[in-house]
Structures are given as C-alpha cells and as structure tokens.
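Visitor: Take 28 as the starting number for the first sequence in this note's numbering and just add one per residue.
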Amino acid sequence: MGRAPCCDKANVKRGPWSPEEDAKLKAYIQQHGTGGNWISLPQKIGLKRCGKSCRLRWLNYLRPNIKHGGFSAEEDEIICSLYVSIGSRWSVIAAQLPGRTDNDIKNYWNTRLKKKLLGNKLQSPTVNNFFNQNPYSPEIPMDALNSHCSNLDGANMQHILEGQSSFSLQNQEIGYGNPKRLDGMEFLHGDDIVNGTSSDLVCPPFASEYGGILQHYAPDQDHISML
DNA sequence: AACCCTTTCAACCGCAAGTAA
DNA sequence: GTTACTTGCGGTTGAAAGGGT
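Rendered as structure tokens:
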C-alpha cells in the first residue's frame with residue numbers, strides 16, 4: 028500500500044500565493060498559531076492550499092523577522108565555511124544565520140555563492156589561501172591541510188576536490204577502500220572520502236576567521252557545539 | 001522591438017524521521 | 001511492535017525577470 032497523499036491534489040490551489048491568501052494565513056497564525064497541525068489549517072481558514080504549502084509559505088516568507096536577499100560578506104563567509112564543513116545541511120546552516128531560511132540560503136548558494144567560491148573570488152584571506160594552496164589540484168600538500176584542518180571529513184574533501192574521483196596527498200594515491208591517515212588523529216578511507224560518508228566531522232578550515240563560530244559538528248546530534 | 005539565453009527564487013516533490021494511536 | 005499520519009528536509013522545477021544580440 029502506498030503512502031496516502033497529504034492532500035487532495037485535485038482540489039488544492041498551486042503556484043504563487045496571492046496577497047489575499049498571504050493575509051489570511053498570516054492573520055490566522057498570528058492570532059491562533061498553527062494549532063499544531065498544518066494539514067488541517069487551510070480548511071480552518073478557508074484556503075484551498077495544501078498544508079505543506081501553507082507551512083512553507085509561513086516559514087519562508089510570512090513569519091516575522093525574515094530577511095530576503097542582501098547577504099552580507101560576513102554571512103557569505105559563514106555559509107561557505109559551514110558548507111565546506113558539513114555540506115548541504117541547509118537547516119543547520121540557517122540556524123546559524125538569524126532571519127535567514129534554509130530555502131533562501133540554498134538558493135543563494137546554488138545560484139551565486141557556489142560560483143563565487145569556486146571562482147576563487149571570495150574576499151577572505153583564509154579561504155583564498157586555502158583554495159590557492161589546494162586549487163582543485165590532484166595534489167594537496169599535507170602541510171596545507173594540517174594548517175587549516177584538525178582533521179578532514181569526506182564531504183569536506185569532496186567539496187574541495189569538486190568531484191574528482193580520486194586524488195593524491197603528497198603524491199600518495201588514495202583509491203577506493205584505501206585508508207590514509209590525514210591528520211594524525213583518524214583514518215579515512217578513499218571511498219568514504221569520495222562518497223562523503225566519513226562519520227567524523229571536523230574543525231572547518233576557515234573557522235578561525237569567524238571567532239570560532241564553528242568548532243565541532245556532531246553528525247549524530249544535529250547541532251553544532253561552540254567551543 | 002523582438003527574440004533568445006541565463007539567472008533568480010518561490011514553490012513543489014518525494015523521502016525520512018518523528019509521533020500518536 | 002505496527003500502522004497511519006504529520007512534519008521537516010534537501011533536491012528539483014518552472015515562471016518571471018534581466019541581459020545580450
């Protein structure tokens with residue numbers, strides 16, 4: 028048996044929200060809250076929308092203190108740092124940027140920041156230094172890694188290498204299933220690195236730039252501890 | 001002015017996790 | 001423990017806007 032649809036797709040409106048719909052949703056939630064049930068909310072307020080759509084509209088656009096566009100250089104660097112460290116965990120990244128939504132950050136990264144970073148144009152000495160020393164080259168000097176990372180996880184490495192299927196450290200080829208000691212603390216396997224599945228995440232390369240905003244990320248706890 | 005291509009971003013989709021019965 | 005349902009998330013889509021020719 029397949030999953031029941033969350034709403035009757037034939038009888039819900041889709042596409043852009045009208046100002047009237049926005050006003051109805053906003054007024055109701057500000058007065059009553061969501062009632063703990065998004066699915067039943069649209070019926071309560073007479074909106075022909077899916078509950079998921081209402082939730083998304085509220086979270087990404089209508090709720091108070093939302094900021095749109097105009098990302099600061101500081102926000103750019105926080106996003107880059109976290110992305111390099113933990114990958115596309117947009118909700119975790121958004122939690123570090125008050126007023127920003129995961130959707131906004133995801134869009135911003137996909138459309139602008141990625142190009143900016145990969146184009147090596149970010150005005151951060153540390154980021155520039157790091158990528159200058161590790162410019163998607165098949166060879167990454169161990170010293171350069173150690174100077175920026177306490178250790179290095181698979182996603183991290185994968186982003187730095189931008190899709191290369193294998194690479195070498197100090198001329199040592201890392202292949203699938205071939206464990207290498209990266210930092211004196213742990214071993215990573217080549218396939219873990221390439222697939223981004225290593226469980227031990229790391230002190231991000233650029234964290235020191237941000238006053239230690241991110242020192243350790245615990246993948247099983249879904250939070251970032253500040254040290 | 002008209003067309004085409006690229007970029008942006010709001011919204012949708014499907015899946016996994018969480019939770020109540 | 002199982003099932004049904006809701007919530008939250010990341011990936012993807014597509015319409016609109018912008019820019020170039």
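Note that beta-carbon positions come from the ideal geometry of N, C-alpha and C, so glycine has one too. Small disclaimer: the values here were computed from a predicted structure and weren't measured.
1. Just reading off the alpha helix (DSSP H) that His-59 is part of, what are its end residues?
2. How would you label Ile-66, buried or exposed, when you count the other beta carbons within 10 angstroms and need 16 or more for buried?
3. Reducing DSSP to helix, strand and coil, say where Ser-99 ends up.
4. Going by beta carbon distance, what residues of the same chain come within less than 6 Å of Glu-47, once the five residues before and after it are set aside?
5. For Ala-100, which of Leu-86, Leu-140 and Leu-68 has the nearest alpha-carbon?
6. When DSSP labels each residue in this structure, what does Ser-139 get in the three-state scheme?
7. Relative to the C-alpha of Gly-73, which residue among Asn-38, Glu-102, Asn-130 and Pro-43 is closest?
8. Compare the Cα-Cα distances from Gln-58 to each of Arg-90, Cys-77, Tyr-135 and Gly-42 and report the closest residue.
9. Restricting to Cα atoms, I'd like to know which of Ile-113, Asp-103 and Arg-84 is closest to Asn-130.
10. Please classify Arg-41: is it buried, with 16 or more other beta-carbons within 10 angstroms of its beta-carbon, or exposed?
11. Using the Cα positions of His-95 and Asp-35, report the straight-line distance between them to the nearest angstrom.
12. Would you report the Cα separation of Leu-86 and Trp-117, rounded to the nearest angstrom?
13. Can you name, in chain order, every residue of its own chain whose Cβ lies under 7 Å from the Cβ of Ile-93, other than the five neighbours on each side?
14. Please return the same chain residues whose Cβ sits closer than 7 Å to the Cβ of Ala-121, not counting the five positions on each side in sequence.
15. Starting from the C-beta of Thr-61, find all residues in its chain whose C-beta is less than 7 Å away, skip the five residues before and the five after it, and write them out in chain order.
16. Which residues mark the beginning and the end of the alpha helix (DSSP H) in which Ile-72 is found?
Guide: Reading off the structure:
1. 46-59
2. With fewer than 16 Cβ atoms within 10 Å of its Cβ, Ile-66 is classed as exposed.
3. coil
4. none
5. Leu-140
6. The amino acid occupying residue 139 in the given sequence is Arg; Ser does not appear at that position. DSSP places Arg-139 in helix when its eight states are reduced to three.
7. Asn-38
8. Arg-90
9. Arg-84
10. Answer is exposed; the Cβ neighbour count stays below 16.
11. 31 Å
12. In a straight line, the C-alpha of Leu-86 is about 14 Å away from that of Trp-117.
13. Apart from sequence neighbours up to five positions away, the residues of its chain that approach Ile-93 with a beta-carbon distance below 7 Å are Gly-126 and Thr-128, ordered along the chain.
14. Excluding residues within five positions, the ones whose Cβ falls inside 7 Å are Arg-127, Thr-128, Asp-129 and Ile-132.
15. Leu-68
16. 68-72
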